[in-house]
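Colleague:
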Ligand code: HEM
């Protein structure tokens with residue numbers, strides 16, 4: 003039997019080490035992928051008038067950006083597979099990210115708009131956090147899938163066709179990037195507004211009881 007502080011035989015950290023390591027590797031890999039992706043985008047823009055200035059690009063010209071993109075895609079994909087494997091195998095995703103109750107979701111949005119968002123209990127994610135984490139995890143997976151169909155449109159022709167061809171896959175890849183960048187802006191701002199969460203993502207945070215599987 004365990005209490006809510008997790009003083010039980012199966013107590014573990016709010017963020018076990020595999021989550022912390024993969025989270026921070028992902029943060030570096032995403033930064034590299036986004037910055038180098040912006041360098042590649044400039045070579046053949048999708049939205050008229052939208053291009054990325056030198057200061058935010060990784061790689062001084064498109065070919066160099068592409069090399070960075072190809073190098074870090076391995077880091078992103080292998081690390082992502084590790085994080086997903088760990089989350090599914092241990093049941094952590096099911097425990098931490100589900101269920102999401104619509105009533106809770108509406109209530110959390112209301113509280114946030116009133117700037118009343120309580121964040122005393124670090125050990126559980128609120129409904130909005132759960133939803134946003136699921137959205138960004140799916141967006142990350144989709145980036146790898148759309149990325150593959152742009153990288154190898156011949157070998158993965160069937161995948162590229164699913165997105166309506168090369169340009170469709172490119173647009174889907176761009177939309178995925180936009181979703182991730184939007185998430186990261188809000189996510190990092192919230193992490194610095196509630197620095198205890200940031201410390202917990204480094205140290206592991208409080209111990210939590212893991213229900214017997
Ligand atoms: C420097 C950039 C980043 C900082 C400072 C940061 C900070 C944090 C913190 C503090 C938490 C724990 C939140 C809590 O306990 O309430 C967290 C969780 C999370 N972050 Fe980040 N993050 C960063 C980048 C990213 C990026 C780039 C992504 C994905 C694109 C990401 C995805 C996630 C996810 C999915 C979780 C939940 C992890 C889990 O419990 O499995 N983060 N982040």
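Numbering (the working numbering), first residue to last: 3 to 215.
For each residue, glycine too, the CB sits at the ideal point set by N, CA and C.
Here the structure is a predicted model, which is why all the values come from computation and not from measurement.
Contact defined as beta carbons within less than 8 Å: I believe residue 171 pairs with residue 148. What is the distance between those atoms, to the nearest angstrom?
Modeller: Here residue 171 is taken as the residue at index 169 of the chain shown, counted from 1. Here residue 148 is taken as the residue at index 146 of the chain shown, counted from 1. Sure, about 5 Å apart at Cβ, within 8 Å.
Colleague: In the DSSP assignment, find the unbroken alpha helix (DSSP H) run with residue 16 in it and report its ends.
Modeller: The count along the chain shown starts at 1 and reaches residue 16 at position 14. Element bounds for residue 16: n/a, residue is neither H nor E.
Colleague: Quick check: does the Cβ of residue 157 come within less than 7 Å of any heavy atom belonging to ligand 1?
Modeller: Locating residue 157 in the chain shown gives position 155, where the first residue counts as 1. For ligand 1, not one heavy atom lies less than 7 Å from the Cβ of residue 157.
Colleague: In this structure, how does DSSP classify residue 210 when only helix, strand and coil are distinguished?
Modeller: Taking the chain shown and counting its residues from 1, the one referred to as residue 210 is at position 208. Note: residue 210 maps to strand in three-state DSSP.
Colleague: With DSSP collapsed to three states, give me the class of residue 46.
Modeller: Here residue 46 refers to the residue found at position 44 of the chain shown. Here residue 46 sits in coil by DSSP.
Colleague: What do you get for residue 204, buried or exposed, if any count of 16 or more other CB atoms within 10 angstroms of its CB means buried?
Modeller: The residue given as residue 204 occupies position 202 in the chain shown. Residue 204 is exposed by the Cβ-count criterion.
Colleague: Starting from residue 118, follow the alpha helix (DSSP H) in both directions and report where the run begins and ends.
Modeller: Against the chain shown, residue 118 aligns to sequence position 116. Note, residue 118: premise wrong, no alpha helix (DSSP H); not H, not E.
Colleague: Where are the alpha helix (DSSP H) runs, 4 residues long or more, that stay fully inside the stretch 38–115, in chain order?
Modeller: Those alpha helix (DSSP H) runs which fall completely within the stretch 38–115 and span 4+ residues are 64–91, 94–99 and 104–115.
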